Amino acid sequence: MKRKYYQREVIKMSCVMDVAEILDLLYKHGWDERNGGNLSYLLEEEEVRDIVKEEVTLKTFHYNFDLTPLIGKYLIITGTGKYFKNCLKDPSNNLGIMKVTDAHTLSLLWGYDDGGRPTSEAPTHLKCHIERLKVDSKHRIVIHCHPTNVICMTHVHDLDSAHWTKDLWKMQTESIVVFPEGIAVLPWILCGGEEIGEATAYKMKEYRSVVWAQHGLFCTGRSIDEAFGLIETIEKAAEIYIKICDKKIYQTISDENLQLLAHAFNIDYRKGIID
Ligand code: 13P
Ligand code: ZN
3 MKRKYYQREV IKMSCVMDVA EILDLLYKHG WDERNGGNLS YLLEEEEVRD IVKEEVTLKT
63 FHYNFDLTPL IGKYLIITGT GKYFKNCLKD PSNNLGIMKV TDAHTLSLLW GYDDGGRPTS
123 EAPTHLKCHI ERLKVDSKHR IVIHCHPTNV ICMTHVHDLD SAHWTKDLWK MQTESIVVFP
183 EGIAVLPWIL CGGEEIGEAT AYKMKEYRSV VWAQHGLFCT GRSIDEAFGL IETIEKAAEI
243 YIKICDKKIY QTISDENLQL LAHAFNIDYR KGIID
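Position in the sequence shown (from 1) plus 2 gives the number in our numbering.
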């Protein structure tokens, strides 16, 4: 009874529902098995007020790197060990709303009802937010997922970012339109730590999408749609690559065709890849 009432209340929390819905969709695409993947989304203060009338710190979480650029900001962050498939039916156990209250502290204002804590990839998420905000003041979201074909590609393709960018651009016409800055690729690095967070955030100075070899993908954007659209387009291009990479190729999109496309659509694409 209490739970039913609670879920009705949640419906009013549009930012929570927007996040829960996209997590559900990511799960349904098969990109977030078990607890695979995590998400963090910068919230506007008004969005938080719809959910948290009065700010009461329920718990604090400490990080030993500098969060100063995020102080005062609110984020919704998936909990560690949580399954994306459960978020829509049970948001308050799986998600938390946090405020960055000082240079090393996230304060929980809502969620993690069963005693959870932020994703183990929080260092990467937080560092990526800091870097993306430096280059794009409208940046809002970081999504990490485990898309199958992207991971397959990291087994059979070299890990050079320029080579990945060129090959993915050539897989389908839309690729260069959707990720004109290209895609960055990192070698296998231990996940969940600061080293991989640093390496990912460094790439995020120039890219919105970073591949982790034999692990998955990080995509960022100004909106849920933008980050999700990047994931969909990159995974689709990787799927095409995996389906044709061992076949005889009769024709492909030439460098000149890509340049023509970029010119026609006024796309400012990364230079040095196809020219
Ligand atoms: P979390 O359950 O801590 O979010 O970890 C999932 C994951 O994908 C690790 O890279
Ligand atoms: Zn992962």
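Using N, Cα and C, we set each Cβ at its ideal position, and we do this for glycine too. Values in this document were obtained by computation on a predicted structure and should not be read as measured data.
Does DSSP put Asp-138 in a helix, in a strand, or in coil?
coil
Please work out which residues of its chain come closer than 7 angstroms, Cβ to Cβ, to Asp-20, disregarding the five sequence neighbours upstream and downstream, and give them in chain order.
Hits under 7 angstroms: Ile-226.
Environment of His-265 [buried if 16+ CB atoms lie within 10 Å]
exposed
Would you kindly check if the distance between the Cβ of Asn-96 and the Cβ of Thr-80 is under 8 angstroms?
Taking a C-beta distance under 8 angstroms as the contact criterion, Thr-80 and Asn-96 qualify as a contact pair.
Would you say Leu-188 and Ser-211 are within 8 angstroms of each other, going by their C-beta atoms?
no
Going by Cα to Cα distance, which pick from Val-144, Ile-178, Lys-140, Ile-191 is closest to Leu-161?
Ile-191
Buried or exposed for Asn-268, please, with buried defined as at least 16 other CB atoms from any protein chain shown within 10 angstroms of its CB.
exposed
Cβ contact (3+ pairs, closer than 8 angstroms) linking the segment 113 to 120 and the segment 134 to 143
No, the segment 113 to 120 does not touch the segment 134 to 143.
By how many angstroms is the C-alpha of Ser-16 removed from the C-alpha of Arg-5?
Here the model assigns Arg-5 a pLDDT of 49, short of 50, so the residue's position is not dependable and the matter cannot be decided.
Could you tell me which residues DSSP puts in a beta bridge with Ser-211?
The partner list for Ser-211 (beta bridge, DSSP) reads Cys-221.
For Gly-280 and His-146, what's the separation of their Cα atoms in angstroms?
This structure cannot settle anything about residue 280, because the visible part of the chain is limited to 3 through 277.
DSSP beta-bridge partners of Cys-147
Per DSSP, Leu-219.
Those residues which DSSP pairs with Trp-2 across a bridge:
Outside the shown range of the chain (3 to 277) lies residue 2, about which nothing can therefore be said.
Can the beta-carbon of Val-152 be found closer than 8 angstroms to that of Ala-22?
no
CB-CB length for Ala-203 against Glu-123, believed under 8 angstroms:
Between Glu-123 and Ala-203 the Cβ distance is about 12 angstroms, and since that is not below 8 angstroms, they are no contact.
Gly-298 - partner residues in DSSP beta bridges
Summary: the structure shown does not reach residue 298, with the chain confined to residues 3 through 277, and so no result is reported for it.
What do you reckon, is the C-beta of Cys-193 under 7 angstroms from a heavy atom of ligand 1?
yes
From Leu-170, Leu-90, Val-144, pick the residue whose C-alpha is nearest to that of Phe-220; which is it?
Checking every option, the nearest Cα to that of Phe-220 belongs to Val-144.
So, Thr-235 versus Cys-130, is the Cβ gap smaller than 8 angstroms?
Note that the C-beta distance between Thr-235 and Cys-130 is not below 8 angstroms.
Tell me the rounded alpha-carbon separation between Gln-261 and Asp-270.
10 angstroms
For Arg-36, count neighbouring C-beta atoms within 10 Å of its own C-beta (all shown protein chains included) and say buried if the count is 16 or more, exposed if not.
exposed
How far does the beta strand (DSSP E) with Ser-163 in it reach, from first residue to last?
Segment 163 to 173 is the alpha helix (DSSP H) holding Ser-163; no beta strand (DSSP E) there.
Through-space distance from Tyr-65 to Glu-208, alpha-carbon basis
Whole-angstrom Cα-Cα distance: 25 angstroms.
Is Thr-156 near ligand 1, with its Cβ less than 7 angstroms from a heavy atom?
With a cutoff of 7 angstroms, Thr-156 does not count as near ligand 1, since its C-beta is closer than that to no heavy atom of the ligand.
Bridge partners for His-131 per DSSP, in chain order?
BP columns for His-131 are empty, so no partner.
On the DSSP bridge list, what partners appear for Phe-63?
Leu-108
Should Thr-126 be labelled buried (16 or more other beta-carbon atoms within 10 Å of its own) or exposed?
buried
Can you tell me which of the three DSSP states Ile-269 falls into?
Three-state DSSP puts Ile-269 in coil, outside helix and strand.
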